[in-house]
Amino acid sequence: MADPRNTDPADQDPRESEMGRRSDGSSMSPWLVIGVILLVAVAVYAISAVLV
Numbered sequence: 001m002a003d004p005r006n007t008d009p010a011d012q013d014p015r016e017s018e019m020g021r022r023s024d025g026s027s028m029s030p031w032l033v034i035g036v037i038l039l040v041a042v043a044v045y046a047i048s049a050v051l052v
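Letter 8 of the sequence shown, counting from 1, is numbered 8 in the working numbering, and no numbers are missing.
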């Protein structure tokens, strides 16, 4: 169960401090965004090649 807000850090569950440290980063990697854009571009190219 989650600790209440403003709980003394010494009283918090150690697993929660680990989760808090990991959540400071971005939610998606820039490479993942670039990969998705490239994948969509390849799909649009393939669909347009089939239709023409």
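Ideal Cβ positions, reconstructed from N, Cα and C, are used throughout, including at glycine.
- [ ] Compute the Euclidean distance between the alpha carbons of residue 48 and residue 5, then round it to the nearest angstrom.
- [x] As a first step, residue 48 is located in the sequence shown; it is residue number 48 there, counting from the start. As a first step, residue 5 is located in the sequence shown; it is residue number 5 there, counting from the start. C-alpha separation (whole angstroms): 53 Å.
Task: Spatial distance of residue 37 from residue 31 (CA atoms) - done: Walking along the sequence shown from the start, residue 37 turns up at place 37. Walking along the sequence shown from the start, residue 31 turns up at place 31. Cα to Cα, residue 37 sits roughly 10 Å from residue 31.
Task: Alpha-carbon to alpha-carbon, residue 28 and residue 51 - done: By 1-based counting over the sequence shown, the position of residue 51 is 51. By 1-based counting over the sequence shown, the position of residue 28 is 28. Their backbone Cα atoms lie some 34 Å apart in a straight line.
Task: DSSP state of residue 27 mapped onto helix, strand, coil - done: Working through the sequence shown from its first residue, we reach residue 27 at position 27. Reduced to three states, the DSSP call for residue 27 is coil.
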